[in-house]
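The opening residue of the sequence shown carries number 48 in the numbering used here; numbering runs sequentially from there. Cβ coordinates follow ideal geometry from the N, Cα and C atoms, glycine included. So the structure is just underneath, and the comments pick up after that.
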Amino acid sequence: MSEAECPLLNQMRMPEIQLGAHTVRSHGVKVARTHMHDWIILLLLIVIEVILNVIEPFHRFVGEDMMTDLKYPMKDNTVPFWAVPMLAIMLPLFVILVYYFIRKDVYDLHHAILGLLFSVLITGVITDAIKDAVGRPRPDFFWRCFPDGKGVFDPVTKDVMCTGIKSVIKEGHKSFPSGHTSWSFAGLGFLALYLSGKIRVFDRQGHVAKLCIVFLPLLIAALVGISRVDDYWHHWQDVFAGGLLGLTVSSFCYLQFFPAPYEVDGWGPHAYFQMLAESRNVNPSNGSNVQQAELESVYVDSQHCRELSRVNTHDSSPILEGTNGRMGY
């Protein structure tokens with residue numbers, strides 16, 4: 048496909064956006080009101096998460112002969128509980144805020160934060176619901192149940208008769224799946240997708256350095272999961288299931304607000320392009336900060352490129368170049 052057929056394929060430039068055109072001050076209230084019901088659902092998820100952590104999990108039958116695999120020593124957490132929200136929420140949020148202060152796009156800011164919170168909270172609710180329903184004992188369950196090392200079992204059913212602290216025993220029935228792992232992959236997995244769209248990882252230029260940047264959050268999440276096995280708080284199956292759950296939910300939540308990173312418009316949220324489409328026939332004097340040239344470059348050219356690419360399936364995807372002299376995403 049030649050430059051004459053589609054200039055966008057020769058040099059896919061981000062649309063020229065006036066700095067401060069879509070800031071929190073100018074468009075923040077409008078965007079938040081549009082998604083008011085989503086924020087209400089987030090509050091509901093928080094309430095459900097609290098309830099799931101309060102209720103008693105299912106106490107699975109644990110016979111004396113099953114204790115062989117549950118006698119690992121009790122250890123402190125390598126990654127403490129308070130560090131999980133820092134990694135899964137605060138770190139991605141910091142990156143999102145940095146991007147906003149550079150580009151001043153409230154659409155990206157709002158939808159990235161909303162998607163991140165949905166990813167983590169939905170994952171948290173699913174994780175804790177499964178924990179409570181399954182009630183799988185942790186690898187160190189014996190020492191939680193019998194801190195003095197003397198096992199006591201029902202003479203008839205042969206089930207455990209725990210003598211330990213109730214709260215410690217309760218936590219001992221929450222092995223599957225790993226909450227540390229699922230939360231980490233939910234937040235850092237979302238961050239990996241967010242970064243892949245912003246730095247245009249799939250531009251087919253072969254820059255492996257971009258992949259390294261995207262894989263870094265996933266590596267951190269994986270190390271968190273590995274620490275759970277090393278600390279004997281989880282079986283490896285718990286960590287595997289938690290990681291898979293977090294990645295799946297984060298992918299769905301990201302695609303709810305952003306195009307896939309490999310798409311032409313993968314650098315910006317769906318709502319931004321919808322706003323541009325609605326503004327195409329609006330006179331700039333009516334208060335719209337989006338210039339007609341921007342609208343044409345984003346929609347007319349990109350749609351034409353997509354049509355041409357469908358005809359010639361052997362053509363490569365648009366190569367997204369840097370943003371020297373251009374504002375972009």
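Practice task
Output yes or no for whether 8 Å exceeds the beta carbon distance between residue 96 and residue 175.
Solution key: Yes.
Handout entry: Range covered by the alpha helix (DSSP H) that runs through residue 177
Key = Counted as a single uninterrupted DSSP element, the alpha helix (DSSP H) harbouring residue 177 occupies residues 153-181.
Exercise for the section: Output the distance between the C-alpha atoms of residue 234 and residue 218, rounded to the nearest integer angstrom. Expected result: Roughly 23 Å separates the two Cα atoms.
Practice task
For residue 207, name the three-state secondary structure that DSSP assigns.
Solution key: In the three-state scheme derived from DSSP, where H, G and I count as helix and E and B as strand, residue 207 is classed as strand.
Exercise for the section: Apply the 10 Å Cβ neighbour rule to residue 296 and answer buried if 16 or more other Cβ atoms are within range, or exposed otherwise. Expected result: Buried is the call here.
Practice task
Pair every Cβ in the region 146-165 with every Cβ in the region 189-209, then say whether three or more of these pairs are closer than 8 Å.
Solution key: Put simply, the region 146-165 does not touch the region 189-209. Fewer than three CB pairs are less than 8 Å apart.
Problem - Integer-rounded CB distance, given that residue 279 should sit under 8 Å from residue 159 - result: Between residue 159 and residue 279, the beta carbon gap of about 36 Å keeps them out of contact (Cβ cut-off 8 Å).
Handout entry: Three-state secondary structure (DSSP) of residue 198
Key = In the three-state reduction of the DSSP assignment, residue 198 falls in the coil class.
Problem - Inter-residue spacing [alpha-carbon to alpha-carbon] between residue 118 and residue 316 - result: Inter-residue distance for residue 118 and residue 316 is about 49 Å (C-alpha atoms, whole angstroms).
Practice task
Look at the alpha carbon of residue 224 and the alpha carbon of residue 80, and state the distance between them as a whole number of angstroms.
Solution key: Whole-angstrom Cα-Cα distance: 36 Å.
Handout entry: Identity of the residue in 151, 308, 272 nearest residue 131 by Cα
Key = For residue 131, the closest alpha carbon among the candidates 151, 308, 272 is that of 272.
Handout entry: Cα-Cα separation between residue 230 and residue 134, rounded to whole angstroms
Key = Looking at the two C-alpha atoms, the distance is approximately 9 Å.
Exercise for the section: Could you check what DSSP says for residue 313 in three-state terms: helix, strand or coil? Expected result: Residue 313: coil per DSSP, three-state reduction.
Handout entry: Nonlocal neighbours in the same chain, by C-beta distance under 6 Å from residue 155, ignoring five residues either side
Key = Hits under 6 Å: 316.
Practice task
Evaluate residue 91 with the Cβ neighbour count: other Cβ atoms within 10 Å of its Cβ, from every protein chain shown; 16 or more gives buried, anything less gives exposed.
Solution key: Under this definition residue 91 is an exposed residue.
Practice task
For the alpha helix (DSSP H) containing residue 191, list its first residue and its last residue.
Solution key: From DSSP, the alpha helix (DSSP H) with residue 191 extends over 188-192.
Handout entry: residue 26 burial status per 10 Å Cβ neighbour count (16 or more: buried)
Key = In the structure displayed, the chain extends from 48 to 376; residue 26 sits before or after that span and is not available.
Exercise for the section: Please go through the same chain and pick out, in chain order, the residues whose beta-carbon is closer than 7 Å to the beta-carbon of residue 286, but skip the five residues on each side of it. Expected result: Closer than 7 Å at Cβ, skipping near neighbours: 225, 228, 272, 275, 276.
Problem - Helix, strand or coil at residue 253 [DSSP, three-state] - result: Looking at residue 253 - three-state DSSP - the assignment turns out to be coil, as it is neither helix nor strand.
Practice task
Can you check DSSP and say which residues form a bridge with residue 110?
Solution key: DSSP lists 206 as the beta-bridge partner residues of residue 110.
Exercise for the section: Pick helix, strand or coil for residue 381, following the three-state DSSP scheme. Expected result: Outside the modelled stretch of the chain, which goes from 48 to 376, sits residue 381, for which no answer is possible.
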